[in-house]
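Each remark here refers to the structure printed beneath this line.
Number of protein chains: 2
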Amino acid sequence: MAAPIDFYFDFSSPYGYLAGELIDDLAARYGREVRWRPILLGITFKLTGNAPLTQQPLKGEYSIRDFQRSARYYKVPFQYPKQFPISSVAASRMFLWLQEQDPAAAKRYARAVYKAYFVDGRDISMAETAAAIAGECGLDSAAALAANSDPRIKDLFKTAVEAATARGVFGSPFIFVDDEPFWGVDRFPQIEAWLSRGPF
Amino acid sequence: MAAPIDFYFDFSSPYGYLAGELIDDLAARYGREVRWRPILLGITFKLTGNAPLTQQPLKGEYSIRDFQRSARYYKVPFQYPKQFPISSVAASRMFLWLQEQDPAAAKRYARAVYKAYFVDGRDISMAETAAAIAGECGLDSAAALAANSDPRIKDLFKTAVEAATARGVFGSPFIFVDDEPFWGVDRFPQIEAWLSRGPF
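Quick mapping for you: the protein sequence lines, in order, are chains D and U. Take the first sequence: its letter number 71 is residue 70 in numbering that gives the first Met the number 0, and every next letter is one higher. Take the second sequence: its letter number 143 is residue 142 in numbering that gives the first Met the number 0, and every next letter is one higher.
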């Protein structure tokens, strides 16, 4: 079987959310698995000298319109959150802790976190909320909450974010297919071309 | 007939070049004309606080790879220029001067300028080169060169760039379909959806 696709995302990223709704189906059509890898855009923004899209003059207003229109284009429910962006640290740590035990359950959790934030407007930056979502997925919410302050998990996430940066990841979603980097859900047509006919 | 599509572009923009190779055919499939409108990214970068893609850490290396891959994806010839970015003022003024007389000839000129820079690696920032390209298109190169220092044309371009910014244009390509804004050649699928089935 061909190598898994690496899918880097920030739980606070609208385009990451849209990509998360689409990528496993896309990969499956070409016999690929997807490895979900949470990152922190705040770290990469410091490196690239960028601010969140919505905080940039001119770009800000367009971006919110584009989030909403892109969601309709992909037929994915979306409600621009009142608070944006927010910290995705807690949800990311809980995701990594779940992923160690059960990658499929961790993906269910990740999609539930994204929906809680980008559809239901819940504040996923609160560890209690991020843990409650684990409970709603049939997972152990108390253990998830504990994972958020587990030094081993904290270090695991820190190391993962550093490794992503070292690999050249600077945005969300950021996807590698056989080491070829693709930035943005708008690169899905190129990703599909790459998967279907190989390097071009 | 439906309103023309507004196509804002900078002659120094790789994605603007790719869009320029595609947009008239796309529009024609839906019975639309395209109005080409040169802008200066340097002006909008000052407003949005951005630097050219290729000068940003991490993003720079990816961007050059993405220019080249995107060109292959769209089957458009492309050679990353040795000097990048460059000033597009002279070519833009000559374009506007030509457009007053013959919009179709001005488009032929624009595509020739893009090819000169992004395929043949010529320095289109030089007024003499920009004027020579007009001559190669069967147009009056001496008159084109004169247009570059004509105060009326200079003012026309300045006003056009300010009007673009006032309309919210901050990148290249930037396209309006019936006042709906789309940024990037990667929004062409959404533009096509908008043209074929109306607002979504």
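Glycine included, C-beta positions come from ideal geometry on N, C-alpha and C.
One or two residues paired with residue i in a DSSP bridge
i: U/E161; result: DSSP output for U/E161 lists no bridge partner at all.
i: U/F175; result: U/D5, U/P180
Backbone secondary structure at residue i - three-state DSSP
i: D/V118; result: coil
i: D/V88; result: helix
i: U/V33; result: strand
i: D/P76; result: coil
i: U/P56; result: coil
i: U/M93; result: helix
i: D/D154; result: helix
i: D/I22; result: helix
i: D/D101; result: coil
i: D/L39; result: coil
i: D/L138; result: coil
i: U/P13; result: helix
i: U/F83; result: coil
i: U/V112; result: helix
i: D/I123; result: coil
i: D/D149; result: coil
i: D/P51; result: coil
i: D/P198; result: coil
i: D/F187; result: helix
i: U/F44; result: helix
CB of residue i within 8 Å of CB of residue j, strictly
i: U/A159; j: U/A143; result: no
i: D/L138; j: D/L95; result: no
i: D/D5; j: D/R36; result: yes
i: U/A1; j: U/R31; result: yes
i: D/Q98; j: D/A89; result: no
i: U/Y113; j: D/P180; result: no
i: D/L57; j: U/L46; result: yes
i: U/R121; j: U/A115; result: yes
i: U/Y7; j: U/I42; result: no
Residue i classed as buried or exposed, judged by whether at least 16 other C-beta atoms fall within 10 angstroms
i: U/L17; result: buried
i: U/G15; result: buried
i: D/S11; result: buried
i: D/G197; result: exposed
i: D/F66; result: buried
i: U/G183; result: buried
i: D/S171; result: buried
i: D/R68; result: buried
>> What are the residues in the region 66-79 of chain U lying within 8 Å of chain D by C-beta distance?
In response: Within the region 66-79 of chain U, the qualifying residues are R68, S69, R71, Y72.
>> Give me the subset of the region 43-61 of chain D whose CB atoms are less than 8 Å from a CB atom of chain U, sorted by chain position.
In response: Of all residues in the region 43-61 of chain D, the ones placed with a Cβ closer than 8 Å to any Cβ belonging to chain U are T43, L46, T47, G48, N49, A50, Q55, P56, L57, K58, E60, Y61, in chain order.
> Using Cβ-Cβ distances below 7 Å, what residues of the region 149-181 of chain U are close to chain D?
Replying inline: Within the region 149-181 of chain U, contact with chain D at the beta-carbon level (separation under 7 Å) is assigned to G167, F169, P180.
>> Beta carbons nearer than 9 Å to chain U: which residues of the region 15-30 of chain D have them?
In response: For the region 15-30 of chain D, no residue has a beta-carbon sitting nearer than 9 Å to a beta-carbon of chain U.
> Of the residues that make up the region 101-125 of chain U, which ones have a beta carbon closer than 7 Å to any beta carbon in chain D?
Replying inline: If the cut-off is 7 Å between Cβ atoms, the region 101-125 of chain U has nothing near chain D.
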